[in-house]
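Read through the structure below, which is laid out as structure tokens, and then see the notes.
Protein chains: 2
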Amino acid sequence: MGEALKKWLKMKKDLPCREEVGLNLRVAESLINIGVEKLLSGYGVTGAQYNVLRILNGVWPEGHARCAIATRMIEPASDITRIIDRLEKQELVVRDRNAEDRRVSVTRITEKGRSLLQQLNPLVLRSSEESTKALSDEECKELSRLLEKLYSDKID
Amino acid sequence: MGEALKKWLKMKKDLPCREEVGLNLRVAESLINIGVEKLLSGYGVTGAQYNVLRILNGVWPEGHARCAIATRMIEPASDITRIIDRLEKQELVVRDRNAEDRRVSVTRITEKGRSLLQQLNPLVLRSSEESTKALSDEECKELSRLLEKLYSDKID
DNA sequence: TAACATTTATTGTTACAACAAATATAATAC
DNA sequence: GTATTATATTTGTTGTAACAATAAATGTTA
Chain A
1 MGEALKKWLK MKKDLPCREE VGLNLRVAES LINIGVEKLL SGYGVTGAQY
51 NVLRILNGVW PEGHARCAIA TRMIEPASDI TRIIDRLEKQ ELVVRDRNAE
101 DRRVSVTRIT EKGRSLLQQL NPLVLRSSEE STKALSDEEC KELSRLLEKL
151 YSDKID
Chain B
157 MGEALKKWLK MKKDLPCREE VGLNLRVAES LINIGVEKLL SGYGVTGAQY
207 NVLRILNGVW PEGHARCAIA TRMIEPASDI TRIIDRLEKQ ELVVRDRNAE
257 DRRVSVTRIT EKGRSLLQQL NPLVLRSSEE STKALSDEEC KELSRLLEKL
307 YSDKID
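In order, the protein sequence lines correspond to chains A and B.
Under this note's numbering, the residue at position 105 of the first sequence is numbered 105, and the numbers go up by one with no gaps.
In this note's numbering, each number is its position in the second sequence, counted from 1, plus 156.
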């Protein structure tokens with residue numbers, strides 16, 4: 001078992017390698033992404049809100065239905081509705097009812113939302129470069145490959 | 157950029173590999189650990205509560221001060237106090253004031269807590285084996301190695 | 001030893017997450 | 001054409017997370 005994990009958890013005993021991988025995933029994820037979260041919170045948005053803004057920016061000037069956003073989230077989020085509520089309150093998005101199917105509510109990013117993203121995106125990129133600097137490009141790619149192999153049987 | 161990530165996020169464009177690794181970490185972590193969380197919730201404990209129970213079990217029959225627990229958590233948890241409150245309400249732990257230093261409150265796991273762990277531990281192991289079955293033992297170890305290298309400059 | 005600083009834990013508050021229930025509209029079956 | 005089922009979203013509720021403020025005990029220093 002790796003020394004870094006033992007050091008982090010202040011454990012003495014070893015763990016089965018399948019449990020070890022799960023723990024390392026949690027430790028790494030929380031240490032890596034905490035920096036981005038802090039950065040974003042300084043601009044008044046959470047990680048989930050930023051994620052929604054990026055998704056909406058990808059289809060601008062069109063919008064997305066709530067359920068289309070849900071399937072594109074990094075982590076499955078159960079209440080997109082209230083994430084959008086909070087973005088709407090900040091005037092970063094707008095919401096309309098679809099004319100053809102009045103059940104769906106289509107959300108679009110506003111100019112204010114787009115300019116916030118333009119401000120944030122380079123900062124987020126810089127932060128992720130900073131937080132992964134312990135790995136070479138090759139190691140990053142190998143890590144991504146293994147992670148995708150790990151979860152690819154769990155999607156669709 | 158890996159196809160699994162693109163498929164998951166329904167993206168077309170590529171991302172810088174440093175951002176890609178961060179996203180893959182989040183996707184993998186949430187897909188892998190959701191199973192354990194669900195398992196635990198069926199027994200009335202959250203992941204954080206289970207984590208605290210395991211930490212306390214490791215020093216049984218002694219206990220730990222609140223701040224000693226905090227440093228051993230998988231993810232930095234800001235309010236151990238209320239996690240312990242909830243465990244105490246379920247009689248899985250007990251809390252005493254330390255005689256020498258009356259500031260510190262020492263928490264110990266109870267017999268009820270220990271027997272819950274005995275019940276849960278094999279189920280958790282089985283669940284983590286199941287959720288990582290897409291990787292070989294060698295790949296698991298390589299993945300752990302890369303993850304530890306990634307975060308080892310961020311601890312202590 | 002009195003004043004101040006530090007450590008440890010708890011509480012208050014606000015925002016967010018998870019799950020179920022409710023609402024509204026559309027599609028399907030008879 | 002009405003009843004039923006399915007889909008899309010919103011709301012209610014409860015529990016949890018994050019952060020600041022407070023309380024209590026101990027350490028430090030002049």
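Glycine is no exception: its CB is placed at the ideal position from the N, C-alpha and C atoms.
Remember, it's a predicted structure, so these values are computed and weren't measured experimentally.
Not a single C-beta of chain B is nearer than 8 Å to the C-beta of A70(A). Proximity of chain A to V183(B) at the Cβ level (cut-off 9 Å) is accounted for by I74, E75, L147, E148, Y151, I155, in chain order.
If you draw a straight line from the Cα of C67(A) to the Cα of V104(A), it is about 9 Å long. Along the segment 94 to 116 of chain A, none of the residues has a CB nearer than 7 Å to a CB of chain B. Against chain A, the CB of N213(B) has no partner CB under 8 Å away; the residue lies outside that interface. Across the set Y151(A), S136(A), G63(A), S41(A), the C-alpha of G63(A) shows the shortest separation from the C-alpha of V94(A). In terms of Cα proximity to N98(A), the closest of E91(A), L92(A), V106(A) is V106(A).
Contact annotation, I230(B) with V208(B): C-beta distance approximately 10 Å; criterion of less than 8 Å not satisfied. The three-state secondary structure of D170(B), taken from DSSP, is coil. The beta-carbon of T202(B) is placed no less than 8 Å from the nearest beta-carbon of chain A.
Residues of chain B whose Cβ lies closer than 7 Å to the Cβ of G2(A) are, in chain order, S300, R301, E304.
Counting along the chain, the unbroken alpha helix (DSSP H) around R82(A) starts and ends at 80 to 89. For T263(B), the enclosing beta strand (DSSP E) starts and ends at 261 to 265. Under the 8 Å criterion on CB atoms, I32(A) is classed as interfacial with respect to chain B. For D252(B), the three-state secondary structure derived from DSSP is strand. By the CB criterion at 8 Å, K194(B) and C17(A) fall outside the cutoff.
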